[in-house]
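Residue numbers (the working numbering), protein chains in the order written: chain A, 6 to 433; chain B, 375 to 791. Positions of the beta carbon are idealized from the N, C-alpha and C atoms, including for glycine.
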Amino acid sequence: MTTLDRTQAPPIFQIDSINILLPEKKLLSNGIPVYLVIDESSELVYFQLIVQGGNCAGTHVAQAQLHSRMLLEGSKQYTAEQINELIDYHGANIGYSSYTTYSQLSVSALAGHLPALIPMLHDSLAHATFPSDRFELQKKRFQQSFITALEKNSYVAARAFKKAVFGDNHPYGRLTELQDIEQTTENDLHDYHQRQIHAGNMMVVAAGAQEAFIMEQLERLLGSLPVKSPFSHHPTSDTPAPKACHLEGPQHLQSSIYAGRVLPSPQHPDYHKLVVTDTLLGGYFGSRLMQNLREDKGYTYGVHSYIQEFPDLSLHTIATEVGAQHTRDALREIRHELLRLSEAPPAIEEVHTVQLHLISQFINSFSNMFRRVDTFARLLKQGSPFDSLTQYLQRIRAVLPGEVQQTAASYFLPDMLHWISVGPDEQA
Amino acid sequence: MIHFEKFTLPNGLRVIVHEDHTTPMVVVNTLYDVGARDEHPEKTGFAHLFEHLMFGGSAHAESFDEPLQKAGGSSNAFTSNDLTNYYDILPAANIETALWLESDRMLSLSFKQEVLDVQKKVVIEEFKQRYLNQPYGDVWLHLRPLAYKVHPYRWNTIGKDISHIERATMDDVKDFFFRFYRPQQAILVIAGDIKASHARQLVEKWYGDIPAGEPYHRQLPQEPPQTQARFQEVKAAVPLSAIYKAYHMVGRTHPDYYATDILSNALGAGESSRLHKALVQEQRLFHEIYAYIMGHLDPGLLVIQGKLNEGVSIEAANRAIEQVVEQLLQEGVQARELEKVKNQAATDWAMGNVELMNRALHLAYFELLGDAANIEHELERIRAVSLGDINRVAAEVLNPNNCSTLFYIAEPGSEAK
Chain A
6 MTTLDRTQAP PIFQIDSINI LLPEKKLLSN GIPVYLVIDE SSELVYFQLI VQGGNCAGTH
66 VAQAQLHSRM LLEGSKQYTA EQINELIDYH GANIGYSSYT TYSQLSVSAL AGHLPALIPM
126 LHDSLAHATF PSDRFELQKK RFQQSFITAL EKNSYVAARA FKKAVFGDNH PYGRLTELQD
186 IEQTTENDLH DYHQRQIHAG NMMVVAAGAQ EAFIMEQLER LLGSLPVKSP FSHHPTSDTP
246 APKACHLEGP QHLQSSIYAG RVLPSPQHPD YHKLVVTDTL LGGYFGSRLM QNLREDKGYT
306 YGVHSYIQEF PDLSLHTIAT EVGAQHTRDA LREIRHELLR LSEAPPAIEE VHTVQLHLIS
366 QFINSFSNMF RRVDTFARLL KQGSPFDSLT QYLQRIRAVL PGEVQQTAAS YFLPDMLHWI
426 SVGPDEQA
Chain B
375 MIHFEKFTLP NGLRVIVHED HTTPMVVVNT LYDVGARDEH PEKTGFAHLF EHLMFGGSAH
435 AESFDEPLQK AGGSSNAFTS NDLTNYYDIL PAANIETALW LESDRMLSLS FKQEVLDVQK
495 KVVIEEFKQR YLNQPYGDVW LHLRPLAYKV HPYRWNTIGK DISHIERATM DDVKDFFFRF
555 YRPQQAILVI AGDIKASHAR QLVEKWYGDI PAGEPYHRQL PQEPPQTQAR FQEVKAAVPL
615 SAIYKAYHMV GRTHPDYYAT DILSNALGAG ESSRLHKALV QEQRLFHEIY AYIMGHLDPG
675 LLVIQGKLNE GVSIEAANRA IEQVVEQLLQ EGVQARELEK VKNQAATDWA MGNVELMNRA
735 LHLAYFELLG DAANIEHELE RIRAVSLGDI NRVAAEVLNP NNCSTLFYIA EPGSEAK
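As structure tokens, this is what we get:
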């Protein structure tokens with residue numbers, strides 16, 4: 006036996022290809038597309054029902070959010086109490102939530118328990134009644150959660166950032182407001198429901214052991230819903246000029262910092278370069294921002310940058326919470342890292358690390374049926390075709406260090422970003 | 375079924391291999407049998423600080439994360455009152471990178487002063503972010519010392535006082551490492567796209583020469599039974615007042631653990647639970663309310679916690695909780711409730727084992743409890759709980775004299791410090 010040389014790192018193997026099984030597409034009788042992921046070994050069924058529109062389809066954000074909070078609070082044949090009891094009794098995890106561009110019903114349960122839940126779910130989608138007693142309760146809970154969230158610098162900063170990036174007119178920039186919650190009526194919910202909850206707006210991604218069983222259950226759930234014309238987004242293309250501002254926040258120990266900008270959609274030729282550049286900047290533990298602000302300076306417990314994809318654009322965000330006394334230092338160091346990246350190409354090893362990190366994450370996003378459903382659903386929500394997956398690995402690997410620098414110089418110069426900090430009064 | 379193979383190296387390292395070839399990834403999970411409960415009362419927060427230091431370079435590897443990331447891996451860790459757990463996930467072809475790094479930091483850390491200095495700062499920021507700068511973040515800083523007077527569960531993983539972290543020296547660090555981070559204190563799980571025989575070869579290669587160290591015999595002061603209700607009141611700048619009630623219960627390996635878990639679920643898990651139905655939906659005193667157990671290894675706590683609706687008197691809200699509890703004691707948990715909670719447990723168990731990483735952690739945890747093979751019996755044990763068990767446990771645990779109550783009162787303008 007040879008002695009072990011611990012000073013030598015083991016060799017590293019790159020990943021050249023991955024075999025992705027795309028979901029099979031089926032249609033329900035009223036045309037709702039169902040994307041199926043089959044895992045014969047699973048006892049569970051999991052599906053996401055995506056309803057296009059989300060917060061954007063409401064007259065204001067609170068309308069869609071209250072609708073989603075009320076959808077499972079009473080229907081023609083079931084009281085809220087019966088609905089809760091059924092869900093809990095069958096050990097199911099069921100949630101309905103509204104996001105910027107879509108709403109989503111998410112259901113997971115042991116397959117044997119699913120059939121008992123379908124009539125209640127169908128009745129909620131087809132005949133939700135929004136009982137006034139429950140509406141008052143949910144409104145109050147929503148208001149209180151909202152007020153609680155406003156006590157956090159990070160929530161105040163996230164709101165200010167959204168407003169800054171999208172401006173007053175863009176539908177993605179709309180915020181929850183207390184008076185909107187108060188003024189929403191039961192009629193508003195019925196109105197939203199009529200416009201939104203129909204087959205024309207729906208898609209499903211589902212997983213489980215047996216295709217026939219899943220299709221049968223989904224047909225019972227959705228097959229009789231009416232078809233209306235689908236929701237369409239009317240985003241404006243003008244976004245405000247970048248600026249920096251500091252707001253005094255409710256908390257004093259730490260400041261919350263947000264910086265970022267609107268970027269092109271995933272269909273844009275620069276998209277994969279942007280992903281690599283963003284990840285190198287702040288998208289993993291070894292990123293430049295994390296190394297500088299956390300590991301080198303100890304200003305923060307964590308700093309992250311990420312890209313969120315919407316149907317027609319992406320949003321780039323850098324976010325962190327730093328010790329209040331380090332607010333200015335942290336802002337300076339973030340700017341410094343942005344400039345540094347635009348001035349010189351990163352070492353090839355650093356780019357390789359980022360690429361392999363992204364590819365590992367990508368592989369991981371297919372590692373079980375839940376993740377596969379989430380991954381395919383994410384693409385559907387952002388309007389990207391599934392075949393973009395088969396090219397992802399090659400496109401990420403093709404990005405060169407010079408292109409990272411170029412991308413940083415074209416998209417991520419400090420003056421191109423909106424900057425929001427929320428914390429104690431800015432130090433002199 | 376979660377298949378696995380198990381063996382022990384001569385230096386005491388316990389190893390479990392779980393093959394799963396449906397993903398090209400592999401998880402390397404290392405559980406160290408040391409948590410905040412093992413800390414000296416004047417040096418608290420150490421197990422957690424240590425978790426940070428474990429990423430600051432080891433005997434032969436300057437950095438932990440950098441080589442792991444180069445191999446397409448990522449890692450993280452957590453510290454609890456009972457244990458410290460590290461996990462790496464990476465493409466199976468690169469597993470040796472993880473074994474090299476994990477075995478090297480088990481062999482010895484690099485003990486660099488600058489790493490200690492920076493990580494002390496990071497932990498202090500973490501303390502602010504998670505405990506002080508968070509509405510309700512400091513609740514457990516009050517509740518633990520109220521419920522525990524003797525057992526080291528009386529402090530949090532972040533530490534009793536942040537000055538303990540500020541004062542930490544390199545000698546403290548070395549002492550802690552060589553006492554607790556030895557092979558016989560560790561359980562290594564390798565899970566994913568690898569053959570068990572190959573995994574074994576690699577583990578023998580990378581871990582075989584690490585010295586066993588001195589065995590650690592845990593002797594913790596045990597908490598005496600609580601005989602009188604305890605009460606504390608604090609004020610904080612939060613929007614809604616809150617009530618926390620903590621009842622002493624058995625430890626993780628006691629046969630009554632499962633009955634206590636089911637009891638807490640019947641009381642306060644989900645919208646159809648007793649507390650939620652009575653106090654959120656019917657009486658509308660609470661904005662939200664839950665009951666759950668802390669899965670501590672030593673005797674733990676069953677906790678009821680709720681945030682009050684604005685304008686509700688905290689005394690009235692507390693009485694209302696007590697009434698729900700009394701009603702449960704009088705009429706007992708019902709057969710349908712028991713069935714419901716068991717159905718929920720079956721789903722949770724199936725869901726909890728979907729992720730490879732969770733399966734690896736569960737195997738390590740069950741091995742720590744005594745035997746990884748018991749993972750197969752977990753659901754049976756939950757299913758075996760009878761109404762008689764639950765109602766007996768309820769009478770013991772939900773005794774008012776066994777309870778510590780914290781009133782967390784919203785007072786606009788008072789500053790969390």
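Across the stretch 355-375 of chain A and the stretch 431-447 of chain B, are there enough close Cβ pairs to call them in contact, namely three or more that are closer than 8 Å? Proximity of the stretch 355-375 of chain A to the stretch 431-447 of chain B meets the contact definition, three or more beta-carbon pairs being nearer than 8 Å.
How is A/Ile-262 classed by DSSP in three states: helix, strand or coil? strand
Near A/Lys-81, which residues of its chain fall below 7 Å by C-beta distance, leaving aside the five closest residues on each side in sequence? Asp-128, His-132, Thr-134
Roughly how many angstroms lie between the CA atoms of A/Gln-387 and A/Pro-271, to the nearest whole one? 8 Å
Between the stretch 500-514 of chain B and chain A, which residues of the former have a C-beta closer than 7 Å to a C-beta of the latter? Glu-500, Lys-502, Gln-503, Leu-506, Asn-507, Pro-509
Residue environment, A/Asp-193, which counts as buried when at least 16 other CB atoms sit within 10 Å: buried
Under the three-state DSSP convention, the category B/Pro-526 falls into: helix
Got a sec? Which residues, its chain only, sit under 7 Å from B/Ala-640 by beta carbon, not counting five neighbours each side? Closer than 7 Å at Cβ, skipping near neighbours: Ser-647, Arg-648, Val-707, Glu-711, Val-715.
Starting from the beta carbon of B/Gln-657, find every residue of chain A whose beta carbon is closer than 9 Å, and list them in chain order. In chain order: nothing, as chain A lies at least about 11 Å away.
Under 7 Å between the Cβ atoms of A/Glu-342 and A/Leu-285? Going by C-beta atoms, A/Glu-342 is not nearer than 7 Å to A/Leu-285.
Interface residues of chain A around B/Glu-470 at Cβ under 7 Å? Pro-15
If you measure between the beta carbons of B/Lys-502 and A/Leu-298, is that distance less than 7 Å? Inclusion of B/Lys-502 and A/Leu-298 in the CB contact set at 7 Å is not warranted, their separation being larger than that value.
What first and last residue would you give for the alpha helix (DSSP H) that runs through A/Tyr-276? 276-283
A/Gln-154 by DSSP, collapsed to three states: which one? Reading off the sequence, residue 154 of chain A comes out as Ala, not Gln. Helix, per DSSP.
Kindly indicate which three-state DSSP category A/Thr-332 falls into: helix, strand or coil? helix
Less than 6 Å between C-beta atoms, sequence neighbours within five positions excluded: which residues of the same chain meet that for B/Asn-776? Gln-600, Tyr-621, His-622
Give the secondary structure of B/Thr-634 by DSSP, where H, G and I count as helix, E and B as strand, and everything else as coil. helix
Which residue marks the beginning of the beta strand (DSSP E) containing A/Gly-213, and which one marks its end? 207-213
May I ask you to report which of helix, strand or coil DSSP gives A/Gln-19? When DSSP states are grouped into helix, strand and coil, A/Gln-19 belongs to the coil group.
Residues from the stretch 60-84 of chain A in contact with chain B, defined by Cβ distance under 8 Å: none
Could you tell me the alpha carbon to alpha carbon distance between A/Gly-254 and A/Arg-179, rounded to whole angstroms? 20 Å
Taking DSSP as the reference, what is the three-state secondary structure of B/Lys-444? helix
Supposed close pair A/Arg-139, A/Ala-214 - CB separation, criterion 8 Å: At roughly 36 Å, the Cβ-Cβ gap does not stay under 8 Å, so A/Arg-139 and A/Ala-214 are not in contact.
Among B/Leu-457, B/Val-497, B/Leu-675, B/Asp-535, nearest to B/Lys-619 - alpha-carbon criterion: B/Leu-675
With 7 Å set as the bound, which would you pick, yes or no: does the beta-carbon of B/Lys-417 sit closer than that to a beta-carbon of chain A? Closer than 7 Å: no.
Going along chain A, which residues have a C-beta under 8 Å from B/Asp-439? Phe-290, Gly-291
Segment limits, beta strand (DSSP E) that includes B/Arg-556: Neither: B/Arg-556 is in no beta strand (DSSP E) and is coded neither H nor E.
To the nearest angstrom, how far is it from the Cα of B/Ala-565 to the Cα of B/Ala-734? 6 Å
The beta strand (DSSP E) enclosing A/Gly-100, as first and last residue numbers: Start and end: 98-103.
Whose C-alpha, out of B/Gln-558, B/Ala-616, B/Asp-512, B/Gly-625, is nearest the C-alpha of B/Gly-533? B/Asp-512
Host alpha helix (DSSP H) of A/Arg-299 (start-end): Unbroken run through A/Arg-299: none, as it is neither H nor E.
Buried or exposed, going by whether 16 or more other CB atoms sit within 10 Å of the CB of B/Ser-687? exposed
Contacting positions in the stretch 699-721 of chain B - beta carbon closer than 7 Å to chain A: Lys-714, Asn-717, Gln-718, Ala-720, Thr-721
Determine whether the beta carbon atoms of A/Arg-377 and A/Val-42 lie at a separation below 7 Å. Cβ distance < 7 Å, so A/Arg-377 and A/Val-42 count as in contact.
Starting from A/Glu-156, find everything on chain B with Cβ-Cβ shorter than 7 Å and list it in chain order. Pro-509, Val-612, Pro-613
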